[in-house]
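**Student:** The numbering of the sequence shown is my numbering, which starts it at 8 and goes up by one. All residues carry an ideal CB built from backbone N, CA and C; glycine is no exception.
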Amino acid sequence: MERKKILAISGSTRSESVNLHILNAISDMYSEEADWTIYQAIDTLPHFNPDLDRAPLPETVSTFRNLIAASDAVLICTPEYVFSLPGSLKNAIEWLVSTTLFTDKPAALITASSSGVKAMEALNLIMQTVGVSLGNTGTLLIQAPKTKITREGIITDPITLSQIRALAEDLLKRISGSNQ
Ligand SMILES: Cc1cc2nc3c(=O)[nH]c(=O)nc-3n(C[C@H](O)[C@H](O)[C@H](O)COP(=O)(O)O)c2cc1C
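1) How about S19: is its Cβ closer than 6 Å to a heavy atom in ligand 1?
2) Quick check on the burial criterion: 16 or more other C-beta atoms within 10 angstroms. Buried or exposed for D35?
3) Quick check on the DSSP output: what are the complete beta strand (DSSP E) runs of length 3 or more inside the region 20-70, in order along the chain?
4) Once you ignore the five residues that flank L147 on each side, which residues in its own chain have a CB closer than 6 Å to its CB?
5) Ligand 3 and N26: does the residue's C-beta get closer than 6 Å to at least one heavy atom of that ligand?
6) Using a Cβ-Cβ cut-off of 6 Å (strictly less than) and excluding sequence neighbours within five positions of A15, which residues of its own chain qualify?
7) Taking the alpha-carbon positions, what's the G18 to I49 distance?
8) Nearest to S105 by alpha carbon, out of R61, Y88 and I162?
9) Out of T85, I156, A76 and N56, state which residue places its alpha-carbon closest to the alpha-carbon of D111.
10) Between R72 and the rest of its own chain, which residues show a CB-CB distance below 8 Å, the 5 nearest in sequence each way excluded?
11) Identify whether S120 lies in helix, strand or coil by the three-state DSSP scheme.
12) Less than 6 Å separating the Cβ of S6 from some heavy atom of ligand 1?
13) Can you tell me whether V25 is buried or exposed, with buried defined as 16 or more other CB within 10 angstroms of its CB?
14) Taking just the CA atoms, how far does E159 sit from N186?
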């Protein structure tokens, strides 16, 4: 059977991002179970404008859409900015609203931020609106992540590690055996 593909989208554009560290840690832990692509390029997408949402699409948008189309599942890991999603992540999702690429796509959402409560709520609502399938263990809020994950990306807090494992394993279980 063909190996499953998971697209992991970082909502942070920082090179030393804790959210990026989490995605890298998950892809390392489960590299045998799936092929992971870490998408770190939301800041290369142009500002969404419905006038541009037609052929020929901006190249970065086509690439992003193709990556989602080719993936069996999507994992988003994001910080909270000013009590909501970072604008770049919201912009990236807006480029998908006119498509059905997220419809029934198995997904998992992590918010890793000082507080993160509002971003988690917003992301949940947005992703359910665009039609992803979240399953039972599809969301996780990691508060004060810098006290739980080192600068080298090691998850030192055992509860956080087990929560991350549960979310990743649930996502992998949901796509195992599917023929997407
Ligand atoms: C512009 C800006 C706004 C922020 N606003 C919030 C906020 O509203 N709530 C929160 O929990 N953290 C907020 N933070 C803190 C970040 O979410 C936190 O530093 C997070 O760990 C950054 O994630 P990263 O390391 O993946 O970039 C903000 C940070 C920045 C730069």
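**Tutor:** Working from what's here:
1) yes
2) exposed
3) 42-46
4) I117, Q170 and L174
5) Ligand 3 is absent from the structure shown, which contains only ligand 1.
6) L30, W43, I45 and L82
7) 8 Å
8) R61
9) A76
10) L64, W102, L103, T106 and L108
11) strand
12) The structure shown has nothing for residue 6, since the chain only spans 8 to 187.
13) buried
14) Residue placement at N186 cannot be trusted, given a pLDDT of 45 that sits under 50; what the coordinates show is reported in the next sentence. Distance between the alpha carbons of N186 and E159 is about 36 Å.
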